[in-house]
Amino acid sequence: MAGHSKWANTKHRKAAQDAKRGKIFTKIIRELVTAARLGGGDPGSNPRLRAAIDKALSNNMTRDTLNRAIARGVGGDEDTNMETIIYEGYGPGGTAVMVECLSDNRNRTVSEVRHAFTKCGGNLGTDGSVSYLFAKKGVISYAPGLDEDTVMDAALEAGADDVVSYDDGAIDVFTPWEIFGQVKDALDAAGLVSESAEVSMIPSTKADMDAETAPKLMRLIDMLEDCDDVQEVYHNGEISDEVAALL
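Going by the working numbering, the final residue of the sequence shown carries number 267, and the count climbs one at a time with no gaps.
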């Protein structure tokens with residue numbers, strides 16, 4: 021398969037931007053607290069919490085910070101009105117976009133999400149309008165340098181769905197989201213150190229972005245991720261290396 025990791029191209033990430041790190045940590049802590057409150061503090065029996073922990077560690081959050089967040093959730097001291105809300109819509113170039121939110125005020129959240137779509141030439145859709153184009157999966161990513169056969173053997177034995185390698189040597193392991201944690205543990209035990217690990221929504225089809233639509237899509241994603249209630253933004257936009265170089 022040509023190019024870089026399709027996963028890196030599928031989900032626009034801003035974790036590397038130091039200016040955004042504080043907001044990212046705030047959102048991860050909110051997810052840790054909510055996951056622990058709803059499913060308990062044991063990641064072995066709480067897949068949502070396990071995914072949040074791995075995301076926290078991938079973003080270099082300290083164990084002390086994430087353990088305090090889990091304790092807050094288990095202790096039940098947080099606002100119990102927080103709920104997960106998924107919005108679906110269409111972005112520039114006909115891209116399918118899913119927005120995962122954690123909110124205590126639906127009216128505020130939907131207003132902010134709708135404003136972002138409208139401002140960037142998209143529109144907010146109805147439930148089910150694009151979700152059928154995505155599948156919930158665990159994604160464990162490895163930087164170039166590992167032996168593909170070694171990763172593939174360990175991953176498939178642990179229950180992974182698919183292992184994809186790229187021209188630059190990067191490798192992505194895709195797993196059923198329910199066993200994401202145990203697959204990650206098995207790969208860790210095999211001495212395979214991942215670059216990132218999280219549960220996400222993976223698109224089944226792609227929408228090619230050109231030099232005109234790609235900047236508009238990036239603006240939409242930036243606006244959505246700047247909303248405090250938005251936890252994750254998923255899309256099926258495909259941006260080639262040539263177009264990306266122009267952004």
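From the three backbone atoms N, C-alpha and C, an ideal C-beta is built for every residue, glycine too. For clarity, every value in this text was computed on a predicted model and none was experimentally measured.
Classification of E198 by the beta-carbon crowding that lies within 10 angstroms, buried from 16 upward: exposed
For E232, the three-state DSSP class (helix, strand or coil): coil
Extent of the continuous alpha helix (DSSP H) to which S78 belongs: P67 to S78
Residue range of the alpha helix (DSSP H) that includes D173: E168 to A178
Where S149 falls: helix, strand or coil (DSSP): coil
8 angstroms Cβ cutoff met for T195 and G158: yes
Whether L267 touches A234 by CB criterion (8 angstroms): yes
Through-space distance from T129 to E120, alpha-carbon basis: 11 angstroms
Anticipated Cβ contact below 8 angstroms, G145 with Y186, distance rounded: Actually they are not in contact, since the Cβ atoms of G145 and Y186 sit about 32 angstroms apart, beyond 8 angstroms.
N-terminal and C-terminal residue of the alpha helix (DSSP H) that I90 is part of: R83 to G95
Distance between beta carbons of A72 and I48, contact taken as under 8 angstroms: 7 angstroms
Status (buried if at least 16 other CB within 10 Å, exposed otherwise) for A22: Reliability fails at A22, whose pLDDT of 33 lies under 50, so the model's placement of it is uncertain and the value that follows must be treated cautiously. Exposed, by the Cβ-count rule.
Anticipated Cβ contact below 8 angstroms, D192 with S161, distance rounded: 5 angstroms
Cut-off 6 angstroms between Cβ atoms - residues of its own chain near R134, not counting five sequence neighbours on either side: L144
Distance CB(A231)-CB(V263) smaller than 8 angstroms: yes
Exposed unless 16 or more other CB atoms sit within 10 angstroms - verdict on A136: buried
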